[in-house]
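Q: In our numbering, the protein residues as written are 11 to 128. From the three backbone atoms N, C-alpha and C, an ideal C-beta is built for every residue, glycine too. These figures come from a predicted structure and were not determined experimentally.
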Amino acid sequence: MVTPIFRIFDYQKACEFYVEWLGFHIDWEERPAQGPLYMQVSRGDIVLHLTGHHGDSCPGSKVMAEINGLLAYHHLLTQKDYPFMRPNLKKTNWSDKVMQAEVIDPFGNRVVFVEACG
């Protein structure tokens, strides 16, 4: 298993994006008294680490995540009241048999959800 690490700067914004809008769950959080937040969020088989520590990751990272039911998931996202992102659902540039929806978090990190479509 590979677990991407995304840099975040604000806990509330991260929760609003990943938990409230994308539907991830907080698996655990580590909050040292003298250190930044480090946490794991997941949705099905997709697992991400979110960190406030400057040495763990650079803002603007990107990950591709395979998902079953991308059409339904995309519909769910566009029905929610999240004013900062309205992802498009489209075929990938590299295959007309793969659909994708890309989202960008408030910190510049990107998650590209993909699914083979017949």
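Going by DSSP, what residue range makes up the beta strand (DSSP E) through ALA75?
A: Taken as a continuous stretch (DSSP letters only), the beta strand (DSSP E) holding ALA75 covers 72-76.
Q: Once the 5 residues before and after PHE34 are set aside, which same chain residues still bring their CB inside 7 Å of it?
A: Closer than 7 Å at the Cβ level, and outside the excluded window around PHE34, lie TYR28, VAL51, SER52 and ARG53.
Q: For TYR21, name the three-state secondary structure that DSSP assigns.
A: It is helical.
Q: Taking the alpha-carbon of VAL108 as reference, which of ASP115, ILE114 and LYS100 has the nearest alpha-carbon?
A: Taking only the C-alpha atoms, the option nearest VAL108 is LYS100.
Q: Considering only DSSP beta bridges, list what LEU99 is partnered with.
A: Paired residues: ALA111.
Q: In this structure, does DSSP put TYR48 in helix, strand or coil?
A: Here TYR48 sits in strand by DSSP.
Q: Give me the residue from ALA126, HIS64 and MET11 with the minimum Cα distance to ASP20.
A: Among ALA126, HIS64 and MET11, the Cα nearest to that of ASP20 belongs to HIS64.
Q: Alpha carbon to alpha carbon, how far is PHE16 from HIS84? Give it in angstroms, no decimals.
A: Cα-Cα distance, rounded: 22 Å.
Q: What did DSSP end up calling LEU80 once you bin it into helix, strand or coil?
A: Helix.
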